[in-house]
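Right, one structure below, let's go through it.
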Amino acid sequence: MTLGPPLDPIRLTRDLVAIYSPTGEETKAGAFLAELLEKLGYRVIRQPVAGTRFNVYAFRDPPEVVFSTHIDTVPPQLPLAEDEEFLYGRGTTDAKGIVAAQVAAAERLAAKGERRVGLLFVVGEEYGADGARAANALEPKGRYLVNGEPTENRLALGTKGFLRVELRAGGKAAHSAYPEEGISAIERMLDTLERVRRLPLPSDEVLGECTLNIATIQGGVRPNVIPDRCRAELSFRTVCDTTGLRSALRSVLAEGVELEVLLEAPPVRLRALPGFETTVVRYGTDLPWLEGWGEKFLIGPGSIRVAHTDHEKVSKADLLAAVDCYERIATLLLGELDGKNPASQA
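Position 282 of the sequence shown, counting from 1, maps to 282 under the numbering used here, and the rest follow consecutively.
Here's what the structure looks like:
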């Protein structure tokens, strides 16, 4: 690929979407980006994460502002397609279009002499966040981290956290013709789930309501056997500390039901900046896992409502607007750092 100034984010999005990179298979996409950034004059660190997978961290001068997002996608592959208005395909909005917009913005700033902007592209965001966790060992870090996820180019004031738990019910197997000889693990689970559904969930003035998804239920072996095992996974999108919620969950467990916390991340609260529309997002990001990177912001082109779907797409106009957004944010934050934009701290 031959790129001339200014870098074309639409063209770069096409090239990235053409490289299928589901979580665990990001190596080719990382290699493409690392080579591109080296050709553009960046110092590039390929940080090993697991196997052949690596994060890409690029900068010219030690960065004060770092643009970040992820290079992995969810499966399955959706081939690239386009019309006059949209690019279609896996990763167009989550998050390869964001990668392209961030690179284009950094290039535009560099062309104006601003070299204090870095680029951090991690693996594993869609499952496990191993790339973000590994990235905390990188140096030098910046004073501000502008993370990219689909927010329709609005600055997020916060993201909900999440709490994922597994319920395991035990019972006693018996022939279904003699149910009195057994104990149904599924019935114990159903009793517990009904109580969970009736629990009052907390709310927050900014982040909104805590929500529950009963995500999976598995149990039983045959219609003629009283089931002795059942498991369910529950996912909460949280808006505050979960100590009270976890205590409430344990208080409604039926006899023979156990609870295990599988994964948890806290809500994140973020600052607004002048001149930007704001929003609150319900989904998870790498922000809770990226530690030591300074003050965090979240913004990106595209809609989360089409991410992870079979009709994922991003507007070309939104991609171009995102370049402007990232450039403006970096300019505001660097001006704030230099004492030129005190109003941005309001």
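Where is the CB? At the ideal position from N, CA and C, for every residue including glycine.
What is the DSSP secondary structure of I299, reduced to helix, strand or coil?
-> coil
In this structure, what does DSSP give as the bridge partners for F236?
-> L163, L212
Same chain, Cβ closer than 8 angstroms to G244, neighbours up to 5 away in sequence not counted = Cβ within range, chain order: P202.
Collapsed DSSP secondary structure at Q102 in the structure displayed | If DSSP states are grouped into helix, strand and coil, Q102 belongs with the helices.
Thinking C-beta only, is F121 closer than 8 angstroms to S349?
-> The question about residue 349 has no answer here: the residues shown for the chain are numbered 1 through 346.
Is the number of C-beta pairs between the segment 89-100 and the segment 40-52 that are closer than 8 angstroms three or more?
-> no
I329, enclosing beta strand (DSSP E) - first and last residue = Note, I329: premise wrong, no beta strand (DSSP E); alpha helix (DSSP H) at 316-337.
Helix or strand or just coil, what does DSSP make of K112?
-> The three-state reading of DSSP puts K112 in coil, since its state is none of H, G, I, E or B.
Classify G51 as helix, strand or coil using the three-state DSSP reduction.
-> coil
Mind checking G4: buried by the 16 CB within 10 Å criterion, or exposed?
-> Bear in mind that a pLDDT of 48 at G4, under 50, signals an unreliable position, so the model cannot answer this.
Between the beta-carbon of G142 and the beta-carbon of P63, is there less than 8 angstroms?
-> yes
Write down the C-beta distance between T69 and I98 rounded to the nearest angstrom, noting that I regard them as a contact closer than 8 angstroms.
-> 5 angstroms
Quick one: Cα of P6 to Cα of A104, how far?
-> 7 angstroms
Reducing DSSP to helix, strand and coil, say where L16 ends up.
-> helix
Report yes if the C-beta distance between T192 and C210 is below 8 angstroms; otherwise report no.
-> no
How would you label Y144, buried or exposed, when you count the other beta carbons within 10 angstroms and need 16 or more for buried?
-> Y144 comes out buried.
Between the CA atoms of V66 and K313 - distance to the nearest angstrom | 26 angstroms
Do the segment 165-172 and the segment 314-328 meet, that is, are 3 or more Cβ pairs less than 8 angstroms apart?
-> Counting Cβ pairs under 8 angstroms, fewer than three are found: no touch.
N153 beta carbon less than 8 angstroms from that of A321 | Pairing A321 with N153 gives a Cβ-Cβ distance under 8 angstroms.
If you draw a straight line from the alpha carbon of A81 to that of W289, how long is it in whole angstroms?
-> A81 and W289: Cα-Cα distance of roughly 33 angstroms.
At what residues does the alpha helix (DSSP H) containing G91 begin and finish?
-> Per DSSP, G91 belongs to no alpha helix (DSSP H) and is neither H nor E.
So what does DSSP say about F72, is it helix, strand or coil?
-> The question names Phe, but residue 72 is Asp in the sequence shown. Of the three classes helix, strand and coil, the one that applies to D72 here is coil, per DSSP.
Which of the three DSSP states, helix, strand or coil, is assigned to K141?
-> coil
Could you give the DSSP three-state label for P22: helix, strand or coil?
-> strand
If you drop the 5 nearest sequence neighbours on each side, which residues of the same chain put their C-beta closer than 7 angstroms to that of A348?
-> Only positions 1 to 346 of the chain appear in the structure, and residue 348 is not among them; the question remains open.
Can you list, in chain order, the stretches of the beta strand (DSSP E) that have 3 or more residues and sit fully within the segment 171-221?
-> 211-219
According to DSSP, is G30 helix, strand or coil?
-> helix
Going by Cα to Cα distance, which pick from A174, A137, L119 is closest to N147?
-> L119
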